[in-house]
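Visitor:
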Amino acid sequence: MQPEYFGYNADLETYRQNNGLAALDFGRVIAEHKERYVVKTERGDLEAEITGNLRFAARSREDFPAVGDWVSLNIYDNDFAVIHSIFPRFSVIKRQAVGNSSEVQIIAVNVDYAFLVQALDRDFNLNRLERYLTICYASKVEPIVVLTKADLTTAESITHIKEQIKLRAGDKIPVVVVSNISQDGMDILSGFIKSGKTYCLLGSSGVGKSTLINNLAGISQMKTDAISTSTNKGRHTTSHRELIVLEHGGILIDNPGMREVGIADACSGLQTTFDKIAEYAADCRFKDCTHVSETGCAVLHALENGEIDPQAYENYMKMEREKEFYESSVEERRKKDKVFGKIMKDYKKKDIKNRR
Ligand SMILES: Nc1nc2c(ncn2[C@@H]2O[C@H](COP(=O)(O)OP(=O)(O)OP(=O)(O)O)[C@@H](O)[C@H]2O)c(=O)[nH]1
Ligand SMILES: [Mg+2]
Ligand SMILES: [Zn+2]
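Numbering of the sequence shown is given in my numbering, commencing with residue 12 and proceeding in unit increments.
1) For SER241, which residues from the same chain have a beta carbon less than 7 Å from its beta carbon, with the 5 sequence-adjacent residues on both sides left out?
2) Use the C-beta contact count for GLY31: other C-beta atoms within 10 angstroms, 16 or more gives buried, fewer gives exposed.
3) State the beta-bridge partners of VAL103 as determined by DSSP.
4) Identify whether CYS10 lies in helix, strand or coil by the three-state DSSP scheme.
5) Please name the residue, chosen from GLU15, GLU46, PHE297, THR249, that lies closest to LEU65 on a Cα-to-Cα basis.
6) Measure how close the beta-carbons of ASP132 and THR164 come, nearest whole angstrom, since I'm counting them as under 8 Å.
7) For ligand 3, which residues have a Cβ under 5 Å from at least one heavy atom, in chain order?
8) Pull up the distance between the alpha-carbon of ILE262 and that of ALA228, whole angstroms please.
9) Between which two residues does the beta strand (DSSP E) harbouring ARG142 extend?
10) Whole angstroms are fine: how far does the CA of ALA119 sit from the CA of GLU253?
11) Tell me the DSSP secondary structure of VAL310 in three-state form.
12) Can you tell me which of the three DSSP states ALA34 falls into?
13) For SER250, I'd like the list of residues in its chain whose CB is within less than 7 Å of its CB, leaving aside the five on either flank, ordered along the chain.
14) Run through DSSP, which three-state label would THR222 get?
15) Give the straight-line distance between the Cα atoms of PHE67 and ILE94, rounded to the nearest whole angstrom.
16) For LYS234, I'd like the list of residues in its chain whose CB is within less than 8 Å of its CB, leaving aside the five on either flank, ordered along the chain.
17) Give the straight-line distance between the Cα atoms of MET12 and ARG54, rounded to the nearest whole angstrom.
18) So what's THR170 in DSSP terms, helix, strand or just coil?
19) Applying the criterion that 16 or more other CB atoms from any shown protein chain within 10 Å of the CB defines a buried residue, is TYR87 buried or exposed?
20) Span of the beta strand (DSSP E) holding ILE262?
21) Quick check on the burial criterion: 16 or more other C-beta atoms within 10 angstroms. Buried or exposed for THR306?
22) State the DSSP-derived secondary structure class of PRO154, mapped to helix, strand or coil.
23) So, for THR25: in the same chain, excluding its five sequence neighbours on each side, which residues have a beta-carbon less than 8 Å away from its beta-carbon?
24) Verify whether the separation of the beta carbon atoms of GLN322 and GLY214 is less than 8 Å.
25) Consider the C-beta atom of THR164 and the heavy atoms of ligand 1; say whether any pair is separated by less than 7 Å.
26) Using C-beta distances below 6 Å, list every residue in its chain close to ILE61, excluding the 5 sequence neighbours before and after it, in chain order.
27) Count the other CB atoms, across all protein chains shown, that sit within 10 Å of the CB of GLY245; report buried if there are 16 or more and exposed otherwise.
28) Taking only heavy atoms of ligand 2 into account, decide whether any of them is closer than 7 Å to the Cβ of ASP265.
29) Secondary structure at ASP56, three-state DSSP: helix, strand or coil?
30) What residue range does the alpha helix (DSSP H) around SER201 cover?
31) For the beta strand (DSSP E) containing GLU4, list its first residue and its last residue.
32) Check THR242 in the structure and name its three-state DSSP category.
33) Can you list, in chain order, the stretches of the beta strand (DSSP E) that have 3 or more residues and sit fully within the region 67-106?
34) Just how far apart, CA to CA, sit GLY18 and GLU114?
35) What residues in its chain sit with their C-beta under 6 Å from that of CYS147, if we drop five residues either side in the sequence?
36) In the structure shown, what three-state DSSP assignment does ILE61 receive?
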């Protein structure tokens, strides 16, 4: 398969030529299983490991390959390879890992668009949608909202939900309504998929992400939940992220459903989702206004006048707190790293002395 088919482009080729990587093979990570990777190359899909150097040099999770990465590698057999380095990423989708204060989880990299999938029956939730939008803006990934299971609800309810989205998120974000059962809307969704571009599917478990991929691919690529989801709450069908290439172009990344969407470094992302709040905030009397109880707070004023939706405000404040929490834990981690670095330095000094 030509690498352009799975997303290779002129920028990547320039990087490869300019960084002495032309003699090595290259490919794209399509799956990851605990430091073992599957890489798609011109010579087919290969199992790969990383070099010891890459592992030792890694300072955090972000220094390891992730699904969507372009990597340079040495192919040893026709089915085994070793990854030497990771090409620079043009986008990184990450979130705060659940239940752990500082661990950041990479969802996927080098993604152009995110399909934010919510089911129209009982899964639909505006606050959650706002969280996903925030992650998209922070990751420099363009969002497309996909509402599934249209067959399980009424036309009125769909219209209502679309209006709600418009009110909260504006009308710049595309919203596509589909049914995996009747196939309604599938052609519209296909129309959004461009050859050579990468699309990541994000959403709760059971909303139909994998079914959607199977429908778009026209074959059963992904395992889906065939049993009624109501008897299966909380069970995830997809257990690993996986990148697949559509026959007529377009690259899709399937993800296990997410129970919670944590905000990692969403600084600028928060502002775009809450344009309106951010605009008011510029008029607050104090530059560092927290919009909680300050006098001269333009946000609180707008809230009182009903110009800002109370739910959007609450959601904004909640995400701001999470962002602060994340930022402080990053700071703590840096301090710890520094202390550890000093301990190691002292230890080495002593070691040298002792050897003398
Ligand atoms: N009625 C209806 N059912 C659907 C639709 N799309 C998916 N389903 C059903 O919903 C269930 C879950 O679908 P999956 O595709 O496995 O969901 P998922 O989002 O991939 O879930 P995880 O892999 O756990 O994240 C399956 O039983 C599907 O048949 C739809 O548009 N309408
Ligand atoms: Mg799935
Ligand atoms: Zn304020």
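The beta-carbon is built from N, C-alpha and C at its ideal position, and this holds for glycine as well.
Guide: Working from what's here:
1) Translated into the one-based positions of the sequence shown, residue 241 becomes position 230. With a pLDDT of 42 at SER241, under the threshold of 50, the predicted position of this residue should be treated as unreliable, and no value is reported.
2) Numbered from its first residue, the sequence shown carries residue 31 at position 20. An exposed status is given to GLY31, since fewer than 16 other beta-carbon atoms sit within 10 Å of its beta-carbon.
3) Indexing the sequence shown from 1 puts residue 103 at position 92. DSSP lists VAL120 as partners of VAL103.
4) Since the first residue shown for the chain is 12 and the last is 367, residue 10 is missing from the structure and cannot be characterised.
5) The residue given as residue 65 occupies position 54 in the sequence shown. Among GLU15, GLU46, PHE297, THR249, the Cα nearest to that of LEU65 belongs to GLU46.
6) Within the sequence shown, the letter at position 121 stands for residue 132. Within the sequence shown, the letter at position 153 stands for residue 164. Under the criterion of beta carbons closer than 8 Å, ASP132 and THR164 qualify as touching, at roughly 6 Å.
7) By the rule of a C-beta closer than 5 Å to any heavy atom of ligand 3, the residues picked out are CYS295, CYS300, HIS302, CYS308, VAL310.
8) Counting from 1 along the sequence shown, the entry for residue 262 is found at position 251. Counting from 1 along the sequence shown, the entry for residue 228 is found at position 217. Straight-line Cα distance between these residues: approximately 10 Å.
9) Here the question's residue 142 lines up with position 131 in the sequence shown. Where ARG142 is concerned, there is no enclosing beta strand (DSSP E), although the alpha helix (DSSP H) it sits in stretches over 137-150.
10) As a first step, residue 253 is located in the sequence shown; it is residue number 242 there, counting from the start. As a first step, residue 119 is located in the sequence shown; it is residue number 108 there, counting from the start. For GLU253 and ALA119, the distance between alpha carbons rounds to 9 Å.
11) By 1-based counting over the sequence shown, the position of residue 310 is 299. Note: VAL310 maps to helix in three-state DSSP.
12) To locate residue 34, count along the sequence shown from 1; it is residue 23. Secondary structure of ALA34 (DSSP, three-state): coil.
13) For the purposes of this step, residue 250 is taken as the residue at position 239 of the sequence shown. For SER250, the CB contacts under 7 Å within the same chain, skipping 5 residues up- and downstream, are PRO267 in chain order.
14) What you label residue 222 is simply residue 211 of the sequence shown in a count that begins at 1. Three-state result, THR222: helix.
15) If you number the sequence shown from 1, residue 67 lands on position 56. If you number the sequence shown from 1, residue 94 lands on position 83. PHE67 and ILE94: Cα-Cα distance of roughly 14 Å.
16) On the sequence shown, position 223 is the one that residue 234 refers to. Correct list, in chain order: SER221, THR248, THR249.
17) Start at 1 with the first residue of the sequence shown, and residue 12 comes out as number 1. Start at 1 with the first residue of the sequence shown, and residue 54 comes out as number 43. Straight-line Cα distance between these residues: approximately 8 Å.
18) Looking up residue 170 in the sequence shown gives position 159. Of the three classes helix, strand and coil, the one that applies to THR170 here is helix, per DSSP.
19) Counting from 1 along the sequence shown, the entry for residue 87 is found at position 76. Exposed, by the Cβ-count rule.
20) For this step, residue 262 is matched to residue 251 along the sequence shown. It spans 262-265 - the beta strand (DSSP E) in which ILE262 sits, taken as one unbroken run.
21) In the sequence shown, counting from the first residue as 1, residue 306 sits at position 295. Only exposed fits THR306, as fewer than 16 other CB atoms lie within 10 angstroms of its CB.
22) Position 143 of the sequence shown, counting from 1, holds the residue named residue 154. In the structure shown, PRO154 sits in a strand (DSSP, three-state: E or B).
23) Position 14 of the sequence shown, counting from 1, holds the residue named residue 25. Same-chain partners within the cutoff: there are none.
24) Here residue 322 is taken as the residue at index 311 of the sequence shown, counted from 1. Here residue 214 is taken as the residue at index 203 of the sequence shown, counted from 1. Cβ atoms of GLN322 and GLY214: not closer than 8 Å.
25) Walking along the sequence shown from the start, residue 164 turns up at place 153. When distances are taken from the beta-carbon of THR164 to the heavy atoms of ligand 1, even the shortest one reaches 7 Å or more.
26) In the sequence shown, counting from the first residue as 1, residue 61 sits at position 50. The beta carbon of ILE61 is closer than 6 Å to those of ILE94 in its chain, skipping five residues each way along the sequence.
27) Residue numbering aside, residue 245 sits at position 234 when the sequence shown is read from its first letter. Here the model assigns GLY245 a pLDDT of 44, short of 50, so the residue's position is not dependable and the matter cannot be decided.
28) Counted from its first residue, the sequence shown places residue 265 at position 254. The answer is yes for ASP265.
29) Here the question's residue 56 lines up with position 45 in the sequence shown. It is a strand residue.
30) Here residue 201 refers to the residue found at position 190 of the sequence shown. First-last of the alpha helix (DSSP H) with SER201: 197-203.
31) For the chain, the structure presents residues 12 to 367; residue 4 sits outside this window and is missing.
32) Here residue 242 is taken as the residue at index 231 of the sequence shown, counted from 1. Bear in mind that a pLDDT of 41 at THR242, under 50, signals an unreliable position, so the model cannot answer this.
33) Note on the region 67-106: whole beta strand (DSSP E) runs with a minimum of 3 residues are 81-86, 91-97, in chain order.
34) As a position in the sequence shown, residue 18 is number 7, starting the count at 1. As a position in the sequence shown, residue 114 is number 103, starting the count at 1. Going by the C-alpha atoms only, they are around 29 Å apart.
35) Taking the first residue of the sequence shown as position 1, residue 147 is located at position 136. Cβ neighbours of CYS147 beyond the five flanking positions: ALA125, PRO154.
36) Sequence index remark: in the sequence shown, residue 61 carries index 50 (1-based). Strand.
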